[in-house]
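Asker: Just dropping this structure here.
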Amino acid sequence: MVRNEITGHTYKFPCGRWLGKGVDDGSLERILIGELLPSSSEEDLGKQCRTPPQQKSPTMARKLSITSLTGKNIKPNAGQIQEGIGEAVNNIVKHFHKPEKERGSLTVLLCGENGLVMALEQVFHHGFKSARIFHKNVFIWDFIEKAVAYFEMTDQIEDNEDNVLLQKSSRKTFCHYVSAINTAPRNIGKDGKFQILVCFGTRDHLLAQWIPLLAECPLLSRMYEENALLRDRMMVNSLIRVLQALQDFNIVLEGSLIKGVDV
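Following the UniProt record's numbering, the numbering of the sequence shown begins with 1 at its first residue and continues without gaps.
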């Protein structure tokens, strides 16, 4: 929690994650997005911003935070996740419909607590098979990397049909972005890499192409439960339509978000 004594504003920077190689998602640095808190008494601020007890896993605190689309620390259902995606995209659309001088921070709308990155995390976490099945901690980025390996292998097969060529082009672009993020010199954790991928996909209007690629990847059935949103064709089509609402906007990313990754 940070308080500006001149303006009287207080900001909360949610994290609840470990830092260190081989710990949590392996990140040595994280971007924290400040959230302006409403005016309240010192006692109320203390309750809102209290650090979780050390004996509790910060990963659990983070997990509850990501899944709090309704403001409650409970796991969201499919309807709440869809609502969260719609709200995140709608907030970005409204941002660009305002006069430029009245616009707030696009970074908050992308990477804040209820931003687009977090909303898409919800989609990818839904039905994701647990560590109990894999016998280790598994992250969304692990699925992304496995999908890339599959795409690179299958793209060696020759096929000149137009729809296949278009799909190959989308796969090649997706693999290029993931490779660029993976080879970045910074110590970015797996969740941070997913955040950068979403930011690039939003900026370059590629998310609506990438989602169907991942939803149709055969690896999905190995890493996701049958009821997962990504295995629901109607949900995936709905998600694509929602993301297409961002196609016409010129999105500029802050340098701190992309951490020197060049694509």
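Beta carbons are placed, not taken as given, at the ideal position from N, Cα and C, and that holds for glycine.
Given a cut-off of 7 angstroms on the beta-carbon distance, is the pair Phe151 and Tyr177 in contact?
Answerer: no
Asker: Please classify Arg203: is it buried, with 16 or more other beta-carbons within 10 angstroms of its beta-carbon, or exposed?
Answerer: buried
Asker: Tell me whether Ile258, by its Cβ, gets closer than 6 angstroms to a heavy atom of the ligand MG.
Answerer: The model depicted lacks the ligand MG and carries no ligand whatsoever.
Asker: Compare the Cα-Cα distances from Ile188 to each of Glu121, Leu239, Arg222, Leu257 and report the closest residue.
Answerer: Nearest of Glu121, Leu239, Arg222, Leu257 to Ile188, Cα basis: Leu257.
Asker: State the Cα-Cα distance for the pair Ser169 and Thr154, rounded to the nearest angstrom.
Answerer: 13 angstroms
Asker: Leaving aside the five residues before and after His205 along the sequence, list all residues of the same chain whose C-beta is less than 6 angstroms from its C-beta, in chain order.
Answerer: Gln247
Asker: In whole angstroms, what separates the C-alpha of Gly86 from that of Gln209?
Answerer: If you take the alpha carbons of Gly86 and Gln209, they lie about 18 angstroms apart.
Asker: Just how far apart, CA to CA, sit Arg186 and Asn114?
Answerer: 26 angstroms
Asker: Just list the alpha helix (DSSP H) runs in the stretch 86–123, keeping only unbroken ones of 4 residues or longer that don't cross its boundaries, in chain order.
Answerer: 106–111
Asker: Report back the beta-carbon spacing between Ile251 and Leu106 to the nearest angstrom; my notes put them in contact at under 8 angstroms.
Answerer: 7 angstroms
Asker: Just to confirm the assignment, what range does the alpha helix (DSSP H) spanning Asn237 have?
Answerer: 233–243 is the extent of the alpha helix (DSSP H) around Asn237.
Asker: Between the C-alpha atoms of Pro207 and Ile6, what's the straight-line distance to the nearest angstrom?
Answerer: Looking at the sequence itself, residue 207 is Leu, so the reference to Pro does not match. Their backbone Cα atoms lie some 41 angstroms apart in a straight line.
Asker: For Ile81 versus Gln122, is the C-beta distance shorter than 7 angstroms?
Answerer: Against a cut-off of 7 angstroms, the Cβ pair of Gln122 and Ile81 comes out as a contact.
Asker: Kindly indicate which residue of Glu225, Ser221, Val93, Leu213 has the alpha-carbon position closest to the one of Phe174.
Answerer: Leu213
Asker: Less than 7 angstroms between the beta carbons of Lys129 and Met223, yes or no?
Answerer: yes
Asker: Distance, Cα to Cα, Leu239 vs Phe143?
Answerer: Computed Cα separation, rounded: 19 angstroms.
Asker: Tell me the DSSP secondary structure of Phe174 in three-state form.
Answerer: Note: Phe174 maps to helix in three-state DSSP.
Asker: Determine the direct distance from the alpha carbon of Ala88 to that of Ile211, and round the result to whole angstroms.
Answerer: 17 angstroms
Asker: Spatial neighbours of Ala228 within its chain, please: C-beta separation below 8 angstroms, excluding the five flanking residues on both sides.
Answerer: His126, Gly127, Phe128, Leu220
Asker: Is DSSP giving Phe128 helix, strand or coil here?
Answerer: In this structure, Phe128 counts as strand in the three-state DSSP scheme.
Asker: Would you mind stating whether Cys217 and Ala149 have Cβ atoms separated by less than 7 angstroms?
Answerer: Not a contact, by the Cβ cut-off of 7 angstroms.
Asker: My output table needs one value for Thr10: the three-state DSSP class, helix, strand or coil.
Answerer: strand
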